[in-house]
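Residue numbers (my numbering): 45 to 311. Where a beta carbon is used, it is the ideal one built from N, C-alpha and C, also for glycine. These numbers come from a predicted model, not from an experiment. All remarks here apply to the structure that follows.
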Ligand SMILES: [Zn+2]
């Protein structure tokens, strides 16, 4: 009796499974008709979603080695070993290493801007994929992922923290623990835009902390901090300082973009 029942269940199960798959295929086809895949930047038709066309891809100014090991800035030539830029020697950051997908220009800047200021998160998948690639080394050396927090006011006006969304995606693809509450802003800071390097540093000094209740989640951990754009590094420096004060074993920073001429921002 038992055997017959099993066979019946299999026979009954297969058409069900088949029907479900067929429906999924149909739904994908229907959504492709309603929302045909287009380039996330220029809207030209593509054969898949969450991608950009070759023309726009070529307009992303990727940051590739050789790099300054500390700041992630591109270096003019490769000496074969670890290289440290003059800027990192003059002003060593509190974090260990920073890496970013590309320069904050062209298509990458547009994609980040769209993601930051609109509710359309179309670029999210692509950006987090690019970030996972740029931060492969850092991800391999980390225990937890922590996003750079927004102030409460900014979170209310933007409705989401894009660094937190990217950190979430990275934690999913890397299986590292996502700790969104490990770091908080202790005070609101005026916007950094238009400030000099020195003013930026003063503006964010002491603006972050590890809450007491989160201390055990940070102590002894190698932290990978996620930010959207690194301009002078002042925000990341203050945030990393807070994590280290909170007992983190090390802090690296992974960002979408780097303002690589920030050395030019008036001192
Ligand atoms: Zn395009």
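May I ask you to verify whether the stretch 226 to 243 touches the stretch 151 to 163, counting CB pairs closer than 8 Å and requiring at least 3? As far as the Cβ criterion goes, the stretch 226 to 243 does not touch the stretch 151 to 163, which means the pair count is below three.
Is it true that the CB of residue 287 sits closer than 8 Å to the CB of residue 267? For this step, residue 267 is matched to residue 223 along the chain shown. For this step, residue 287 is matched to residue 243 along the chain shown. Contact: yes.
Assuming residue 207 and residue 191 are in contact, meaning their beta carbons sit under 8 Å apart, how far apart are those beta carbons, in whole angstroms? As a first step, residue 207 is located in the chain shown; it is residue number 163 there, counting from the start. As a first step, residue 191 is located in the chain shown; it is residue number 147 there, counting from the start. For a cut-off of 8 Å, the C-beta gap from residue 207 to residue 191 is around 4 Å, short enough to register as a contact.
Consider the C-beta atom of residue 297 and the heavy atoms of ligand 1; say whether any pair is separated by less than 7 Å. The sequence position of residue 297 within the chain shown is 253, counting from 1. Residue 297 has its CB no nearer than 7 Å to any heavy atom of ligand 1.
Using the beta carbon as the reference atom, which residues fall closer than 7 Å to any heavy atom of ligand 1, ordered along the chain? That gives 83, 85, 86, 88, 96, 97, 99, 100.
Go to residue 157, then tell me how far its alpha helix (DSSP H) extends in each direction, as first and last residue. Counting from one through the chain shown, the residue named residue 157 turns up at place 113. Segment 150 to 161, the alpha helix (DSSP H) holding residue 157.
Among 225, 152, 297, which one has its Cα closest to the Cα of residue 256? On the chain shown, position 212 is the one that residue 256 refers to. The shortest Cα separation from residue 256 among 225, 152, 297 belongs to 225.
I need the DSSP call for residue 113, collapsed to helix, strand or coil. The residue given as residue 113 occupies position 69 in the chain shown. Correct three-state label for residue 113: coil.
CB of residue 104 within 8 Å of CB of residue 151, strictly: On the chain shown, residue 104 is found 60 positions in, with the first residue counted as 1. On the chain shown, residue 151 is found 107 positions in, with the first residue counted as 1. It is a contact, given that the beta carbons lie within the stated cut-off.
Go through its chain and collect everything with a Cβ distance to residue 298's Cβ below 8 Å, but skip five positions before and after it. Along the chain shown, one-based indexing puts residue 298 at 254. Excluding residues within five positions, the ones whose Cβ falls inside 8 Å are 142, 143, 144, 175, 178, 179, 182, 183, 214, 268, 269, 270, 271.
Quick one: what's got a C-beta closer than 8 Å to residue 87's C-beta in the same chain, skipping five residues either side? Counting from 1 along the chain shown, the entry for residue 87 is found at position 43. Closer than 8 Å at Cβ, skipping near neighbours: no residue.
Residue 222: buried (16+ other C-beta within 10 angstroms of its C-beta) or exposed? Here residue 222 refers to the residue found at position 178 when the chain shown is read from its first residue. So residue 222 counts as buried.
Going straight from the alpha carbon of residue 3 to that of residue 285, what length do you get? In the structure displayed, the chain extends from 45 to 311; residue 3 sits before or after that span and is not available.
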